[in-house]
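Below is one structure, written out as structure tokens; comments come after it.
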Amino acid sequence: MSTVLTCCILFVILESLRGEFGEAIRHLESGTRILTNHIPKTYLPNRDFQELAAIFHAIASQVAIFSPERVFPDVTHLLLPAAKKQKRIEGEFRNLDEAEDVMNKFDDMVNHISWDLDQEWENEESECNTQWSILRENVQTWQCQFEILVKKLSAGKEPIDSEKILNLRIQHKLWELLIEEEFAVDEDAEAHLDPAECNILLDQLEKLWCNPTRPRFGLKIDLTAALFQLYVYCTDESVRHRIIFMLRAQSRREIIWDSGQLADFLENDMVLRAVGLQTDRWPEIGPSANDGALLVFRPKGSRESSES
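The opening residue of the sequence shown carries number 10 in my numbering; numbering runs sequentially from there.
Written out as structure tokens, the structure is:
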């Protein structure tokens, strides 16, 4: 079983490198389904099995972060329990990796709220509102603990990873915007960045995006996702053109997201908006069953039901 799952991961990477993103997603879906359906001979805890589940979970949660519905089966129940990991120090992060791990869990929370819970936002006591309030508190707490860590690292004698610190600051800003939009008093209110503020963030992103030492292919979508989110949060045309230029200037792939393809998609989105044919705030990049998405993909269950 471990061999089959390892092959699935290798095929995900290979097909992504080849630009066959639909095939990459199919291998990812197959692997997650094998994980959820498999009954291991050695019952949990099974460290090898749990580590493979962690790899699939890390990749799948990034691939599907902008999907309107759950694409892959949930494998979080198969992950290594927190008690088995190194115990955290209360109220602070040990290092930047731990800060990043905690931030990654925000994705899991949003996915769970968006895909698994009833969307009863009008009911203040609903589970989706309760979980969103917890997420909001976690994002605020993360910032406090992160600043304590950065201060400690800056006072130390060891060199610090300034690029990672910058990247995490940018990611946190995007989380703040998402939280701000959801907690707006006016239901029609949308979080926006003015052009000046967005250009400052783009200046920071550009340092990371255009770094010649940064690999052309990666298994994290943080920079591509950040550029896409800034495109959504700032409607200024000159800023959007800058984002498209940045995407096109670097031939980079982050798992299934190709910077050139995303640039073309967003450029077309601007054309459609100019003539009133696109009104949705968030362009549907997918993976989605919608034929108009950048990446069209139908999970196995939906494919089988449509064929029958």
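Virtual Cβ for every residue (Gly too), placed ideally from N, Cα, C.
Exposed unless 16 or more other CB atoms sit within 10 angstroms - verdict on residue i
i: lysine 160; result: exposed
i: aspartate 195; result: With a pLDDT of only 49 at aspartate 195, under the threshold of 50, the placement of this residue in the model should not be trusted; the figure read from the coordinates follows. Exposed.
i: glycine 31; result: exposed
i: cysteine 349; result: In this structure the chain extends from 10 to 317, so residue 349 is not present and cannot be described.
i: lysine 93; result: Residue confidence is low: lysine 93 scores 49 on pLDDT, short of 50, so the model does not pin down where it sits. No coordinate-derived value is stated.
i: alanine 164; result: exposed
Beta-carbon proximity of residue i to residue j, cut-off 9 Å
i: histidine 66; j: threonine 85; result: yes
i: alanine 108; j: leucine 183; result: no
i: leucine 304; j: proline 292; result: no
i: phenylalanine 306; j: isoleucine 43; result: no
i: glutamine 213; j: arginine 178; result: yes
i: isoleucine 294; j: glutamine 71; result: no
Residue i in three-state terms, based on DSSP
i: serine 247; result: helix
i: aspartate 170; result: coil
i: aspartate 267; result: strand
i: threonine 226; result: One detail in the question is off: residue 226 reads as phenylalanine in this sequence, not threonine. Reduced to three states, the DSSP call for phenylalanine 226 is strand.
i: arginine 42; result: helix
i: arginine 290; result: coil
i: arginine 262; result: strand
i: serine 297; result: strand
i: arginine 79; result: coil
i: phenylalanine 30; result: helix
Extent of the continuous alpha helix (DSSP H) to which residue i belongs
i: tryptophan 124; result: 105-125
i: valine 241; result: 231-242
i: glutamate 215; result: 204-218
i: valine 305; result: Element bounds for valine 305: n/a, residue is neither H nor E.
i: threonine 85; result: Segment: none, threonine 85 is in no alpha helix (DSSP H) and carries neither H nor E.
i: glutamine 128; result: Per DSSP, glutamine 128 belongs to no alpha helix (DSSP H) and is neither H nor E.
i: serine 70; result: 56-72
Neighbour flag for residue i against chain D, beta carbons, 9 Å
i: serine 260; result: Protein chains in the displayed structure number just one, and chain D is not present.
Residue i Cβ short of 8 Å to the ligand MN heavy atom set
i: valine 148; result: Of the ligands one can find in the structure shown there are none, so the ligand MN has no counterpart to examine.
Whole-Å CB distance - residue i paired with residue j, under 8 Å assumed
i: leucine 37; j: isoleucine 68; result: 6 Å
i: proline 296; j: valine 21; result: No, proline 296 and valine 21 are not in contact; Cβ-Cβ is about 13 Å, not under 8 Å.
i: glutamine 259; j: cysteine 219; result: 6 Å
i: alanine 200; j: glutamate 189; result: 5 Å
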